[in-house]
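S.K.:
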Amino acid sequence: MSEKSGLEQADIARPLREIDPSVEDYTIVDTDVHSYIEIEEFAEYMDEDNPWRRRFGMAEEERNAITQFWPGSVGSRARYGRIKRSHQYTEKWDKDLVLDVMDYLSTDHSLLLGMAMLMYGEIAKNFEDRRMIEHAEAYTELMLDHLVDPGENIYTLLPAPYTQPHKAAEMIDDYESEEGIVGVCLITPGATPPLGNRKYNPIYEAAEDAGLPIVFHSGGAGLDEYETKGFESFIETHTLGFMNANLSQLTSVVMSGVPERYPDLDFALVESGIGYVAALMYRLDSEYLSRQSEAPYLEKLPSDYLKNDFYYGTQPLEQTPNPEDLEKLMRLMGGPDNLMYASDYPHWDYDPANTITQLPFLSEDEKRKVLSENAMEVFDL
Amino acid sequence: MSERVYVDDADNFEDGDRHFVDYNGSEVCVLYLDEEFHAFLNHCPHRGGPVARGEIMPGIDYEENEHGEPPKERYNDCKIITCPWHGWDFEVDTGIHSGTSGGAHRLTKFDVEVESGNVYIRS
Chain A
1 MSEKSGLEQA
11 DIARPLREID
21 PSVEDYTIVD
31 TDVHSYIEIE
41 EFAEYMDEDN
51 PWRRRFGMAE
61 EERNAITQFW
71 PGSVGSRARY
81 GRIKRSHQYT
91 EKWDKDLVLD
101 VMDYLSTDHS
111 LLLGMAMLMY
121 GEIAKNFEDR
131 RMIEHAEAYT
141 ELMLDHLVDP
151 GENIYTLLPA
161 PYTQPHKAAE
171 MIDDYESEEG
181 IVGVCLITPG
191 ATPPLGNRKY
201 NPIYEAAEDA
211 GLPIVFHSGG
221 AGLDEYETKG
231 FESFIETHTL
241 GFMNANLSQL
251 TSVVMSGVPE
261 RYPDLDFALV
271 ESGIGYVAAL
281 MYRLDSEYLS
291 RQSEAPYLEK
301 LPSDYLKNDF
311 YYGTQPLEQT
321 PNPEDLEKLM
331 RLMGGPDNLM
341 YASDYPHWDY
351 DPANTITQLP
361 FLSEDEKRKV
371 LSENAMEVFD
381 L
Chain B
1001 MSERVYVDDA
1011 DNFEDGDRHF
1021 VDYNGSEVCV
1031 LYLDEEFHAF
1041 LNHCPHRGGP
1051 VARGEIMPGI
1061 DYEENEHGEP
1071 PKERYNDCKI
1081 ITCPWHGWDF
1091 EVDTGIHSGT
1101 SGGAHRLTKF
1111 DVEVESGNVY
1121 IRS
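Here the protein sequences line up with chains A and B, keeping their order. Following my numbering, the numbering of the first sequence begins with 1 at its first residue and continues without gaps. Following my numbering, the numbering of the second sequence begins with 1001 at its first residue and continues without gaps.
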């Protein structure tokens, strides 16, 4: 057997004729053999003026890009190498790095969330409850051991294994007095049934008892992983995916009466910007006024809850042609009183803090609310 | 007339070279591409990213076809520089964001003067 034959496990491979010599008596046509050629090789057969030549040529880089850790969705998150700051560190963070990052971003408090927990929706989709629990438990211990340090203003959220609400509640109870854990995180993409469902009540009850806010965190680009298939561009799935995950879960949470039933709980939605909130508020109000009986737990208009019981991470803050338009969007949804600055560092579309400081329509007091005061109140920092 | 700043000897530019100079405290990139000089502030109008260090690629034309397949993409002669932070694309010739016809977003460009074999920029 040639060493260069490329056959896997060559040390245990033997030609068939050595096992069954009778095959040599036949002419055999094999109608299905899978050869392997690396994707990059195909690029050479594309015209020079074809952009796909370059994209195929980058296949190795794209495969290794840790950005593919998320639901891949369609297209290329980093626009085939043109967005260079698509960073997902490939080495383990330590506390010194967190402090360096804070220095780089000019931030004073950092709420860390590990990358892997953003995949909980994917795990939930496959009903792998055990996998989620194992990760949640190990993650919490690792973060507390390795990165979290309230003395340095470094905190984390408890990644609730929400498909097993009683387990999640038990974890909340266990870590209630841990100063470095300042909230409970529920990952929104893929959460089924939606997070307003009564099955999640143990989580909300435990968080309320523990005095910990609930943070609903969006994720992925993968609208086409969880919702609607057939989009052909990343711009579509990225725009809609993050927004839709939070929009749909928020609808469920508010209309199921979670803020009414757990009035001492604070809620935050992160990583879906702010533009969608006003649209949802007033659409829900219109519906509620027609179909109040379908939301029996509500005592007020939905917009009232959305404005006053929910906080919203600002990232990615929308771009509008004129600042006045963004101001209208912001004030319509109750901001800036319910906004909390969030960077989403190190993801490619992160917002540095001057995204807020340079808003011409915010007063200095309002800027301070968004940059620190609201979050310090919500997370009791 | 605004200040003129010396950049380098013209012979020190090869095709695709980018030289960076200080202009009144701001970093300006002088790019030599297809036998033309272009100069612009190394500051993306979006969020201040180092746009001048981005990839430079041809623009893309889309050819419709009759059979319902996705449009075929082909490079054209336009040169686009992409900010490495968020992917904002700017035409090198005009400095205008390639997604906005009205020029709402654009690079801050500088005039380039070549005199006696020396390259200068002026705002």
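Beta carbons: idealized from backbone N, C-alpha and C, even for Gly.
Alpha carbon to alpha carbon, how far is E1066 (chain B) from E60 (chain A)? Give it in angstroms, no decimals.
M.R.: Roughly 34 Å separates the two Cα atoms.
S.K.: Taking only beta-carbon atoms, is K229 (chain A) less than 7 Å away from chain B?
M.R.: Not closer than 7 Å to any Cβ of chain B, the Cβ of K229 (chain A) fails to qualify, so no.
S.K.: Quick one, which residues of the segment 1080-1097 of chain B are near chain A if we go by CB-CB under 7 Å, in chain order?
M.R.: Within the segment 1080-1097 of chain B, the residues whose Cβ lies closer than 7 Å to some Cβ of chain A are T1082, P1084, W1085, H1086, G1087, listed in chain order.
S.K.: Would the beta-carbon of R79 (chain A) fall within 7 Å of that of G1087 (chain B)?
M.R.: In contact: R79 (chain A) and G1087 (chain B) (Cβ atoms closer than 7 Å).
S.K.: For a test of your reading of the model: does the CB of L1041 (chain B) fall under 6 Å from any non-hydrogen atom of the ligand FMN? Yes or no.
M.R.: Ligands are entirely absent from the displayed structure, and the ligand FMN is therefore not among its contents.
S.K.: Please identify the residue among A:M115, A:M132, A:Y175 whose C-alpha is closest to the C-alpha of L144 (chain A).
M.R.: Measuring from the Cα of L144 (chain A), the nearest candidate turns out to be A:Y175.
S.K.: Quick one: is P165 (chain A) buried, meaning 16 or more other Cβ sit within 10 Å of its Cβ, or exposed?
M.R.: Buried, by the Cβ-count rule.
S.K.: Buried or exposed: which applies to G335 (chain A), given that a residue is buried once 16 or more other Cβ atoms fall within 10 Å of its Cβ?
M.R.: Label assigned to G335 (chain A): buried.
S.K.: What residue does the alpha helix (DSSP H) around L247 (chain A) start on, and which one ends it?
M.R.: Counting along the chain, the alpha helix (DSSP H) containing L247 (chain A) begins and ends at 234-255.
S.K.: Rounded to a whole number of angstroms, what is the C-alpha to C-alpha distance between L212 (chain A) and D32 (chain A)?
M.R.: About 58 Å.
S.K.: Give me, in chain order, the residues of the same chain whose beta-carbon lies closer than 7 Å to that of R17 (chain A); leave out the 5 immediate sequence neighbours on both sides.
M.R.: Excluding positions up to five away in sequence, the list reads V23, E24.
S.K.: Among all the DSSP beta bridges, which residues are the ones paired with C1029 (chain B)?
M.R.: Answer is B:F1020, B:F1040.
S.K.: List, in chain order, every chain A residue whose beta-carbon is nearer than 9 Å to that of P1070 (chain B).
M.R.: Near P1070 (chain B) (Cβ distances below 9 Å), the residues of chain A are E232.
S.K.: Does the beta carbon of D49 (chain A) sit closer than 7 Å to a beta carbon anywhere in chain B?
M.R.: Closer than 7 Å: yes.
S.K.: Throw me the rounded Cβ distance for the F1091 (chain B) and C1078 (chain B) pair, which I believe falls under 8 Å.
M.R.: The question names Phe, but residue 1091 (chain B) in the sequence shown is Glu. Yes, they are in contact, since the Cβ atoms of E1091 (chain B) and C1078 (chain B) sit about 6 Å apart, within 8 Å.
S.K.: State the beta-bridge partners of L111 (chain A) as determined by DSSP.
M.R.: L111 (chain A) pairs with A:Y155.
S.K.: Assuming contact is defined by CB atoms lying nearer than 7 Å, are M330 (chain A) and A375 (chain A) in contact in what I supplied?
M.R.: Contact: no.
S.K.: Under three-state DSSP, which class holds V1051 (chain B)?
M.R.: Here V1051 (chain B) sits in helix by DSSP.
S.K.: Hey, quick one: how far does the beta strand (DSSP E) through F1090 (chain B) stretch, first residue to last?
M.R.: From DSSP, the beta strand (DSSP E) with F1090 (chain B) extends over 1089-1091.
S.K.: Whole angstroms are fine: how far does the CA of Y1062 (chain B) sit from the CA of D100 (chain A)?
M.R.: So the alpha carbons of these two residues sit roughly 44 Å apart.
S.K.: Round the Cβ separation of V182 (chain A) and A160 (chain A) to the nearest angstrom and send it over; I've been treating them as touching at under 8 Å.
M.R.: Not a contact, Cβ separation roughly 14 Å.
S.K.: Restricting to Cα atoms, I'd like to know which of B:T1108, B:G1048, B:D1089, B:L1107 is closest to G1099 (chain B).
M.R.: Measuring from the Cα of G1099 (chain B), the nearest candidate turns out to be B:D1089.
S.K.: Could you tell me the distance, in whole angstroms, from the CA atom of N1012 (chain B) to the CA atom of V1030 (chain B)?
M.R.: Spanning the two alpha carbons is a distance of roughly 12 Å.
S.K.: On the three-state DSSP scale, how would you describe D349 (chain A)?
M.R.: In this structure, D349 (chain A) counts as coil in the three-state DSSP scheme.
S.K.: Inspect the beta-carbon positions of P1058 (chain B) and Y1075 (chain B) and report whether they are closer than 7 Å.
M.R.: Yes; because the gap between Cβ atoms is below 7 Å, this pair is in contact.
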